[in-house]
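Residue numbers (the numbering used here), protein chains in the order written: chain A, 266 to 674; chain B, 266 to 674. No residue lacks a Cβ here, since even glycine has one placed at the ideal position from N, Cα and C. For reference, the structure discussed in these notes is given below.
There are 2 protein chains.
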Amino acid sequence: MPVNLSPPDPASLSPVAGVELGFAEAGIRKAGRRDLMLVRLAPGTRVAGVFTQNSFAAAPVQVCREHLALDGEVRALVVNAGNANCGTGERGLADARLSCDWVASEIGCKPSEVLPFSTGVILEPLPMPRIQAALPACVASLGADHWAQAAAAIMTTDTVPKGASAKVTLDGVPVTVTGIAKGVGMLQPNMATMLAYLATDAAVSGPVLKALVKRVADRSFNRVTVDGDTSTNDSFVLMATGQSGAAPIATDADPRLAALEGALVDVAARLAQAIARDGEGATKFITVDVCGGSDEAEVLRVARGVANSPLVKTALFASDPNLGRLLMAIGNAGVAGLDTSRVQVSLGDVKVIVDGGRAASYREEDGARVMKPAEITILIDLGRGSAATTVWTCDFSYDYVKINAEYRT
Amino acid sequence: MPVNLSPPDPASLSPVAGVELGFAEAGIRKAGRRDLMLVRLAPGTRVAGVFTQNSFAAAPVQVCREHLALDGEVRALVVNAGNANCGTGERGLADARLSCDWVASEIGCKPSEVLPFSTGVILEPLPMPRIQAALPACVASLGADHWAQAAAAIMTTDTVPKGASAKVTLDGVPVTVTGIAKGVGMLQPNMATMLAYLATDAAVSGPVLKALVKRVADRSFNRVTVDGDTSTNDSFVLMATGQSGAAPIATDADPRLAALEGALVDVAARLAQAIARDGEGATKFITVDVCGGSDEAEVLRVARGVANSPLVKTALFASDPNLGRLLMAIGNAGVAGLDTSRVQVSLGDVKVIVDGGRAASYREEDGARVMKPAEITILIDLGRGSAATTVWTCDFSYDYVKINAEYRT
């Protein structure tokens, strides 16, 4: 059950000039569902991406990296759900390249101008004839207002499609940012995310876009975790079509960059939160805020340690203010020289740990009250510096076990 | 349900000359169960220990470290279950010291010759009057053949007491090693373990014993994980009474050391395996063997990464040979420069991943066959060196969630 998350109203997902989306039923893993998605981009579109750090990076991830390294145009993205094309060796690479060839000939561009993406079961070969057969329908359905359908076509165990839009004005020119994402398990993106696609009609130069995609990922998808497991197929790409008419942002010093970055982070963070809200088996949406750290790495380690601890997650599921487990998880994060007597922790508005011990004011009924709602915030102050971060996650329920014990049956 | 694990036959736990054990019902957390345990040691006993690396090390862990740092004799251990005395600040330290005072005056030794241990709920003050009231009964029950009762008195969510013995002959003198342990959750010992006590009547000098306890921990308790969460109270102590009559082992060059170390590792590894067999909600006992690594740190990271992945653990619960999750978990272990095309994986006697992809010979029914039994071995060869290690764990079931969602209710 997703936590306070509904499918996006298709009307709320603003078209982005220069971006069209198509979809088809390819029957890759299951019949009767849309599982192939195509994005066609206007000439001149710049694309940058970040990808999984898993050693077994899937074949499409490897091909994306190759094509993006050419620093040329990108004219299309092709995405299939149901099969990850990972652990498939040379054949997998050849299949990913073949998908690009087919898309290129369908829409009239070079194969190196196509980026391939796959998500689903690992270690199975892609059913290439089904993809080939479904591509013409994908092309035929291309439309600028198909973001919601595209979001649905890339789902695997997601229960809700995920999409968001924002508008920002750059020197008087209105610019749109729209994005979609999928992912609910095998999910602790590392320098990237499960599949996420953000497009803007702002014009952004290649070098600026490359830096921007990393910064946006670090403030959104790299801050969400469901189970601490990093997928082999994580991919997040940012597309800038330049069709808005706003003058290009060509350097990091451009004063309009902050506004655009704000809109991108806004959309990306909403998608990242949607991923945690729809986390496998989720019954609660958890925000872990850590401040007072010496550096970013340290606060992130603490936040992820708390967010991924099975003991903390099962206590959150039970609405049990089991403070000892919070203490344990903070203490396990490997913060060298942590002075525990300076650690403060609140659950929502209730101080629970003061100076490393249970708050004198703490009453179990206050803890129980703040643990009841479907949204819980855990605030941790390490009391040793000014670094801070936020991680979003969900609880760990019977249904997480059920979903993952029965995934392939 | 513990996996192929029965309570030890009391007759199988050999008394160790110089060690007596007592127990009592103190009613620390629940009435009607033995929850206080005392070990009395003969004069001249040497003790060394390793403890949790969690920043929130519990008060008794801090006092143990202080007392062991004096390098003097240890004459008693006092252990309570039901309350961890952790996150309890100055009061917790005072309480741990007070326990030592009471034991010292009961058995006639210095307070600094007593080591205190606690396990149970975190952030609650110890009910000192109950401990004081129960201590005389503990002393009155001291006996050399009470290892099984002592093992039962230190349990928390354990379903089975854990104990093991071994005999070894040092230059013709028979020497005994007996140990007990507890722990089934919040369990990935880091340089230590949940509570474990090993005693031998061999005579071992302080410096040799200190090195020995670390080596034994690294081949036993530091190789087991239930949920990847390291407790605040992990403690493993090794006691050498010297009562066997065997000449003291005073240097690392003593040729008898290997035989004694073998017996200690034998007992400790059986206890560590018992911990995984009785892991919270366990339905399977899993051995993860990793070889072909560049160094020990790397193979341990891969083994723990696989053993702790919620996706791998739920697949093991489901008896589902979900090879993709194994691939994902290996790839996530942060092995720099891993050549995935050299990675080989077997499930029991079935080759499943060859050269980083699915084995051509692999048939789903073979995978299903080896995943069925209650004991499963995963063998991973990284193909880049000669380092190897073994980690023991259990699967992740509905009951893990149930046990930990309902722990405090």
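query                                                                                                                                                                   : result
So within the region 382-462 of chain A, which uninterrupted alpha helix (DSSP H) runs reach at least 4 residues, ignoring any that extend past its ends?               : 393-405 and 412-418
So which residues on chain A does A359(B) lean against when the C-beta distance must stay under 9 Å?                                                                    : In chain order: nothing, as chain A lies at least about 13 Å away.
Less than 8 Å between the C-beta atoms of P488(B) and A537(B), yes or no?                                                                                               : Looking at the sequence shown, residue 488(B) is not Pro but Arg. Going by C-beta atoms, R488(B) is nearer than 8 Å to A537(B).
Under the rule that 16 or more other beta-carbon atoms within 10 Å means buried, what is D466(A), buried or exposed?                                                    : buried
Only counting the same chain, and skipping five residues up and downstream in sequence, which positions put a Cβ closer than 6 Å to that of A431(B)?                    : V442, A528, D531 and V532
Give a yes or no on whether the C-beta atoms belonging to K578(B) and D664(B) are separated by under 8 Å.                                                               : no
Do you know whose CA, among A568(B), A361(B), G471(B) and A346(B), lies nearest A289(B)'s CA?                                                                           : A346(B)
Report the residues of the region 417-442 of chain B with a CB closer than 9 Å to any CB of chain A, ordered along the chain.                                           : none
Answer yes or no: does any C-beta atom of chain B fall closer than 8 Å to that of M266(A)?                                                                              : no
DSSP three-state label for D646(A), please.                                                                                                                             : strand
I need the boundaries of the alpha helix (DSSP H) containing D360(B), first residue and last residue.                                                                   : G354 to I372
Just how far apart, CA to CA, sit T458(A) and V328(B)?                                                                                                                  : Since pLDDT at T458(A) reaches only 44, below the 50 mark, its modelled position is unreliable, and the value read off the structure follows with that caveat. So the alpha carbons of these two residues sit roughly 45 Å apart.
Whose C-beta lies closer than 6 Å to the C-beta of T421(A) among residues of the same chain, with five residues either side of it excluded?                             : A346, T384 and G385
Anything in the region 481-502 of chain A with a Cβ closer than 8 Å to a Cβ of chain B? List those residues in chain order, please.                                     : D492, G493, D494, T495, S496 and T497
So V379(B) and V343(B) are supposed to be a Cβ contact under 8 Å. How far apart are they, rounded?                                                                      : 6 Å
So for A512(B), helix, strand or coil by DSSP?                                                                                                                          : coil
Should the region 560-579 of chain B be regarded as contacting the region 509-516 of chain B, the criterion being three or more beta carbon pairs within less than 8 Å? : no
Quick one: any contact between the region 311-323 of chain B and the region 399-415 of chain B, if contact means 3 or more CB pairs under 8 Å?                          : no
Under 8 Å, Cβ to Cβ, is there at least one residue of chain B near T548(A)?                                                                                             : no
Name the chain B residues that come within less than 9 Å of S651(A), Cβ to Cβ?                                                                                          : Correct list: empty, because the minimum Cβ distance to chain B is about 20 Å.
Listing by chain order, which chain B residues have their CB less than 7 Å from the CB of L565(A)?                                                                      : What L565(A) touches in chain B: nothing, since even the nearest Cβ is about 15 Å away.
May I ask which residues mark the beginning and end of the beta strand (DSSP E) holding D554(A)?                                                                        : F550 to G558
Identify the contact partners of Y462(A) in chain B, using a Cβ-Cβ distance below 7 Å as the criterion.                                                                 : Those within 7 Å of Y462(A) in chain B number zero; the least Cβ separation is about 22 Å.
Please list, in chain order, all residues of the same chain as L644(B) whose beta carbon is under 6 Å from its beta carbon, the five residues on each side excluded.    : D554 and S611
What ranges does the alpha helix (DSSP H) occupy inside the region 519-544 of chain A, keeping only unbroken runs of at least 4 residues that lie completely in it?     : 522-542
Can you name the start and end residues of the beta strand (DSSP E) that E338(B) belongs to?                                                                            : Note, E338(B): premise wrong, no beta strand (DSSP E); not H, not E.
Between which two residues does the alpha helix (DSSP H) containing I618(A) stretch?                                                                                    : Unbroken run through I618(A) is the beta strand (DSSP E), V615 to V619; no alpha helix (DSSP H).
Tell me which residues of the region 619-646 of chain A have at least one Cβ-Cβ distance to chain B shorter than 8 Å, keeping chain order.                              : D620, G621, G622 and R623
Within its chain, find whatever has a CB closer than 8 Å to the CB of I641(B); leave out the 5 residues flanking it on each side and keep chain order.                  : K549, F550, I551, T552, L581, L612, G613 and V635
Below 8 Å on the Cβ atoms is my contact criterion, and I expect T506(B) with A464(B) to pass it. Report the Cβ-Cβ distance as a whole number of Å.                      : 7 Å
Report all residues from its chain with a CB closer than 8 Å to the CB of G471(B); omit the five preceding and five following residues, and keep chain order.           : R311, A313 and D336
How about V610(B): is its C-beta nearer than 8 Å to some C-beta of chain A?                                                                                             : no
Which full runs of the beta strand (DSSP E) of 3+ residues lie inside the region 472-515 of chain B, going along the chain?                                             : 500-505
Would you say A457(A) faces chain B, with C-beta separation under 8 Å as the test?                                                                                      : At A457(A) the pLDDT is 42, less than 50, meaning the model places this residue with poor confidence and gives no usable figure here.
Indicate the three-state DSSP secondary structure (helix, strand or coil) for C659(B) in the structure shown.                                                           : strand
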